[in-house]
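Only one structure is covered here, and it is reproduced in the block below.
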Amino acid sequence: MAKKATARHILVASEAKCLELKAAIEAGADFAQVAKENSTCPSSRQGGDLGSFGPGQMVKEFDTVVFSAPINVVQGPVKTQFGYHLLEVTSRQD
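What follows is the structure in structure tokens.
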């Protein structure tokens with residue numbers, strides 16, 4: 209079976225904002241709500257949900273984290289050409 213993952217993310221312009229939001233989530237804020245209020249990605253409307261995808265479908269930096277990070281643990285900041293992401297892998301099939 210091919211590798212697949214589902215993930216959600218929050219995209220912001222600065223590392224400082226990314227760290228501030230990560231601290232809020234780690235303190236108990238709801239990831240989806242934080243995404244809706246802060247993420248500049250269109251996925252923010254779905255609480256940052258990116259759905260299901262395989263390796264190579266996302267930018268490299270993102271891909272690396274998605275296919276190696278523990279499930280349900282917020283990762284980041286992850287810097288890409290789009291900005292800074294907080295990323296949470298919600299499921300993965302290896």
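Quick note on numbering: the sequence shown equals residues 209 to 302 in the working numbering. We put the CB at the ideal spot given by N, CA and C, even for glycine.
Problem - CA nearest to the CA of Val242, picked from Ile233, Pro250, Cys249 - result: Checked all of Ile233, Pro250, Cys249; the closest Cα to Val242 is Ile233.
Handout entry: Inter-residue spacing [alpha-carbon to alpha-carbon] between Gly256 and Ser247
Key = A straight-line Cα-Cα distance of about 7 angstroms links Gly256 and Ser247.
Practice task
Rank Thr298, Cys249, Asn280, Ala221 by C-alpha distance to the C-alpha of Ser260 and give the top, closest one.
Solution key: Of the candidates Thr298, Cys249, Asn280, Ala221, the one whose C-alpha sits nearest the C-alpha of Ser260 is Thr298.
Problem - Sub-8 angstroms separation of Ile310 and Leu227 beta-carbons - result: There is no way to answer for residue 310, as the model of the chain reaches only from 209 to 302.
Practice task
Entirely within the segment 257–298 and at least 3 residues each: give me those beta strand (DSSP E) ranges in chain order.
Solution key: If only complete runs of 3 or more residues are kept, the segment 257–298 shows the beta strand (DSSP E) at 257–261, 283–288, in order along the chain.
Practice task
On a CA-only basis, which of Gln289, Val286, Ser222, Val282 is nearest Phe239? Give me that one, please.
Solution key: The alpha carbon of Phe239 has as its nearest neighbour, out of Gln289, Val286, Ser222, Val282, the alpha carbon of Val282.
Exercise for the section: Give me the Cα-Cα distance between Lys268 and Lys244, rounded to the nearest whole angstrom. Expected result: Looking at the backbone, the Cα of Lys268 and that of Lys244 are separated by about 24 angstroms.
Handout entry: Leu215 in three-state terms, based on DSSP
Key = Per the sequence presented here, residue 215 reads as Ala, with Leu not at that position. The answer is strand: DSSP assigns Ala215 an E or B state.
Practice task
Could you work out which residue in Val220, His293, Gly262, Lys225 is closest to Asp302 when comparing CA atoms only?
Solution key: Of the listed residues, the one whose Cα sits closest to Asp302 is Gly262.
Practice task
Within the segment 219–249, note down every full alpha helix (DSSP H) run reaching 4 residues or more, in order along the chain.
Solution key: Segments of the alpha helix (DSSP H) lying fully in the segment 219–249: 223–234, 239–246.
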